[in-house]
DNA sequence: ATTCCAACCTGATAGC
DNA sequence: TGCTATCAGGTTGGAA
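In this note's numbering, the protein residues as written are 50 to 340.
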């Protein structure tokens, strides 16, 4: 699900629910793929702690705790981090959804996919982490501990410069889209915004990286920054599962140019948007506007 | 060194 | 209606 804009919107809106509140209890599901730190360790170490700051590196959220440990959260494909008070159909299984009368609102009740729940001393609303596919990650770092997952990340995609893409793309025969998705080159771009940025810069996703001119790299970097900034402004893309911590949908899906628009008319030239697999991902582009 | 691709999971939906 | 195949905002690790 979530790329840089969705993670940043999540960070901004969950921050007030997390920072400065003392954790009373931690509830988890059983050990599984998403717990890089065993759930019993999380429960033991987090009880009584207070979050002092919430940061972001690429698609990772990093909560700094008052004992100098850090809780790292990655939302994977279907991860949702939200307040107990959030209400959204996206937090419900389709079966539950269908049983609901139209317009009916229900408070979220933790289900089998709600793997991590924080309750606080102030008795206010809890903070929940739900992840159907369990591709998300929870990891507790010791003070000053480094971790390859974070060490490997390139500069944040909001700050990418054409020069970075130009240098990295020399003598690389892979499609330019594959480079954009490489988190060790720049951190935060995923499948939606790779396709969108390539459209905005007029570059075909399948172009060999080494064939891009310096000017095209500049345009591409500018497009990456622009599309990410704009998506953050609109609250991110709610196409499938993404919901903000307050239960609200993002709105960038209404502004997208090519992603998930196969067969529909390009807004710029009217050609039908095409879809094919590039870098093992579904890839959308305009055959006329992108060279 | 670079590129490819299966694996990690579950659910929704398109197609027969 | 019902079953099966395919696809999904991600990342890693190991094979080719």
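For every residue, glycine included, the Cβ atom is placed at its ideal position computed from N, Cα and C.
With 16 or more other Cβ atoms from the protein chains shown falling within 10 Å of its own Cβ, residue 307 counts as buried.
Positions of the alpha helix (DSSP H) runs, each at least 4 residues long and wholly inside the region 213–293, are given as 225–230, 240–250, 263–283 in order along the chain. In this structure, residue 130 places its C-beta atom within 9 Å of the C-beta atom of residue 63. Distances from the alpha-carbon of residue 288 to those of 282, 241, 112 put 241 closest. With distances taken between CA atoms, residue 294 lies nearest to 139 out of 251, 139, 230. With the rule of 3 Cβ pairs closer than 8 Å, the region 78–86 does not count as touching the region 98–108. Residue 208 and residue 229 have their C-alpha atoms some 13 Å from each other. In this structure residue 265 is not in contact with residue 222, their Cβ atoms being roughly 16 Å apart against a cut-off of 8 Å.
Here residue 336 is exposed. Its C-beta has fewer than 16 other C-beta atoms within 10 Å. Our two residues, residue 128 and residue 183, have alpha carbons roughly 8 Å apart in a direct line. Along the region 107–184, the beta strand (DSSP E) occurs as fully enclosed runs of 3 or more residues at 109–114, 119–123, 128–132, 163–169, 176–180, listed in sequence order. The three-state reading of DSSP puts residue 93 in helix, counting H, G and I together. A distance below 6 Å between beta-carbons, with the five flanking residues on each side excluded, links residue 317 to the following residues of its chain, in chain order: 338.
Secondary structure at residue 66: helix, using DSSP grouped into helix, strand and coil.
Distance from the Cα of residue 166 is smallest, within the candidate group 89, 213, 115, 116, for 89. From the listed residues 302, 232, 274, 236, the smallest Cα separation to residue 247 is found for 274.
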